[in-house]
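Q: Its first residue numbered 512, the sequence shown is counted upward by one per residue in our numbering. After the structure tokens below, expect a handful of questions from me.
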Amino acid sequence: MILLGVNVDHIATLRQARYRDESITFGKFVEPDPARVAWLSEEAGADGITMHVREDRRHVQVEDVQRYQEKMKTRLNLEVSLASEMVELALSLRPESVCLVPENRKEVTTEGGLDILSNMGRAREAVEAFTDAGIPTSMFIDPNPKQLEASAQIGSPWVELHTGSFARAWYHESEREKELMILRKGMDLGVSLGLRVNAGHGINYDNVEGAKQLQKVYEFNIGHSIVSRSITHGFKEAVATMRHRLNH
Ligand code: PXP
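This is the structure in structure tokens:
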């Protein structure tokens, strides 16, 4: 069985678009609340929740993580960058796992995989610190053999393969198979290196048909498409409720 980790970062992005500096709004008065959506995801069958606390705190706030943890039913996979203050923060929040991701100020969301080869020293130190604390670490990397081998070399027990290129290729039939093959090779290599292989980025309700062929993938981490579908499917109710409240 392939597991589903739900990423709620985009919920926080939507909240921040209106209520950036008002801590009074956490979980009390405004929607959408990432912690509440995480609990709803668990009720709906999510196997785990992913939150990314970015260095610039542009979406998920530390308070969101802590509020979610108070009534957590599954497990928290916390994404952070390799910056030492973020590693310290992740250690203090004690998630069930950590995924190390690259951060770039200009990107709207995480765009590329982490370059372990150019960051071997820092990545190894981070993995050691998390291992000492009993927290398994994952490296969010492109399905590139050198990155997979470097991840195994620094002692990371897990990797998360970046499925962004596959997701983009899905709508061009000539490229679909090629990208799926790259992912399949990455998955097989990861498993043969003894790594647990997760995957994610850009998986949606169409391309999941292809993604699920990667049967050795342990867990898919999915955010944007689930958040998007919830908006489309919940919009009629939201408009009707507001219309009603205006007039009663
Ligand atoms: N995995 C990682 C490491 C991510 O940073 C993200 C969000 O960018 C995802 C998975 C989920 O991607 P998406 O929101 O496109 O489903």
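Built from N, CA and C at the ideal position, the CB exists for glycine as well.
Please report the residue range of the beta strand (DSSP E) in which H563 lies.
A: Taking the first residue of the sequence shown as position 1, residue 563 is located at position 52. 559 to 563 is the extent of the beta strand (DSSP E) around H563.
Q: Would the segment 543 to 555 count as touching the segment 588 to 605 if we require 3 or more Cβ pairs under 8 angstroms?
A: No, the segment 543 to 555 is not in contact with the segment 588 to 605.
Q: According to the neighbour-count rule (16 or more other Cβ atoms, all chains shown, within 10 Å of its Cβ), is N615 buried or exposed?
A: Here residue 615 refers to the residue found at position 104 of the sequence shown. By the neighbour-count rule (16 or more Cβ atoms within 10 Å), N615 is not buried but exposed.
Q: Quick check on T648: does DSSP put it in helix, strand or coil?
A: By one-based count along the sequence shown, residue 648 stands at place 137. In this structure, T648 counts as strand in the three-state DSSP scheme.
Q: Just to confirm my understanding: we take A546, look at its own chain, exclude 5 residues before and 5 after, and list those with CB closer than 7 angstroms. What are they?
A: Residue mapping note: residue 546 aligns to position 35 of the sequence shown, counting from 1. For A546, where only same-chain residues beyond five positions count, the Cβ hits under 7 angstroms are G538, D575, R578, Y579.
Q: Does the beta-carbon distance from E730 to D558 come in below 8 angstroms?
A: To locate residue 730, count along the sequence shown from 1; it is residue 219. To locate residue 558, count along the sequence shown from 1; it is residue 47. Yes, these two residues count as a Cβ contact at 8 angstroms.
Q: Taking DSSP's pairing of strands, which residues face N588 in a bridge?
A: Your numbering for residue 588 matches position 77 in the sequence shown. Per DSSP, T561, S608.
Q: Identify which residue in L600, V598, L604, H570 has its Cα closest to the Cα of R586.
A: Start at 1 with the first residue of the sequence shown, and residue 586 comes out as number 75. Of the listed residues, the one whose Cα sits closest to R586 is L604.
Q: Whole angstroms are fine: how far does the CA of M512 sit from the CA of P613?
A: Taking the sequence shown and counting its residues from 1, the one referred to as residue 613 is at position 102. Taking the sequence shown and counting its residues from 1, the one referred to as residue 512 is at position 1. C-alpha separation (whole angstroms): 29 angstroms.
Q: Looking at the structure shown, is V548 part of a helix, part of a strand, or coil, going by DSSP?
A: Here residue 548 refers to the residue found at position 37 of the sequence shown. Helix at V548.
Q: Check for me: the beta strand (DSSP E) holding A710 runs from which residue to which?
A: Taking the sequence shown and counting its residues from 1, the one referred to as residue 710 is at position 199. 707 to 711 is the span of the beta strand (DSSP E), which, as asked, contains A710.
Q: Locate the alpha helix (DSSP H) running through E639, then write down its first and last residues.
A: Here residue 639 refers to the residue found at position 128 of the sequence shown. Run containing E639: 631 to 643, per the alpha helix (DSSP H) assignment.
Q: Three Cβ pairs or more, each shorter than 8 angstroms: is that satisfied between the segment 728 to 742 and the segment 707 to 719?
A: At 8 angstroms Cβ cutoff, the stretches touch.
Q: Taking the C-alpha atoms as reference points, what is the distance between A601 and S649?
A: Position 90 of the sequence shown, counted from the first residue, corresponds to residue 601. Position 138 of the sequence shown, counted from the first residue, corresponds to residue 649. Approximately 13 angstroms between the Cα atoms of the pair.
Q: For R635, which residues in the same chain have their Cβ closer than 8 angstroms to its Cβ, ignoring the five residues on either side in sequence?
A: The residue you call residue 635 lines up with position 124 of the sequence shown. I665, G666, listed in sequence order.
Q: Going by beta carbon distance, what residues of the same chain come within less than 8 angstroms of P656, once the five residues before and after it are set aside?
A: Residue numbering aside, residue 656 sits at position 145 when the sequence shown is read from its first letter. Counting only Cβ-Cβ distances below 8 angstroms, and skipping sequence neighbours, we find K696, G697, L700.
Q: Leaving aside the five residues before and after R565 along the sequence, list all residues of the same chain whose C-beta is less than 7 angstroms from its C-beta, in chain order.
A: Taking the first residue of the sequence shown as position 1, residue 565 is located at position 54. Closer than 7 angstroms at the Cβ level, and outside the excluded window around R565, lie E614.
Q: How many Å lie between D653 and G623 at the Cα?
A: Position 142 of the sequence shown, counting from 1, holds the residue named residue 653. Position 112 of the sequence shown, counting from 1, holds the residue named residue 623. Each residue's Cα considered, the two are about 7 angstroms apart.
Q: On the CB-based measure, 16 or more other CB atoms within 10 Å of its CB, does E671 come out buried or exposed?
A: For the purposes of this step, residue 671 is taken as the residue at position 160 of the sequence shown. Per the 10 Å Cβ criterion, buried.
Q: Report the option in C610, R531, D643, A528 whose CA atom is closest to the CA atom of V708.
A: Reading the sequence shown from its first residue, position 197 is the one you call residue 708. Closest option to V708, Cα to Cα, is C610.
Q: For V598 versus A549, is the C-beta distance shorter than 8 angstroms?
A: Walking along the sequence shown from the start, residue 598 turns up at place 87. Walking along the sequence shown from the start, residue 549 turns up at place 38. In this structure, A549 does not lie closer than 8 angstroms to V598 by Cβ.
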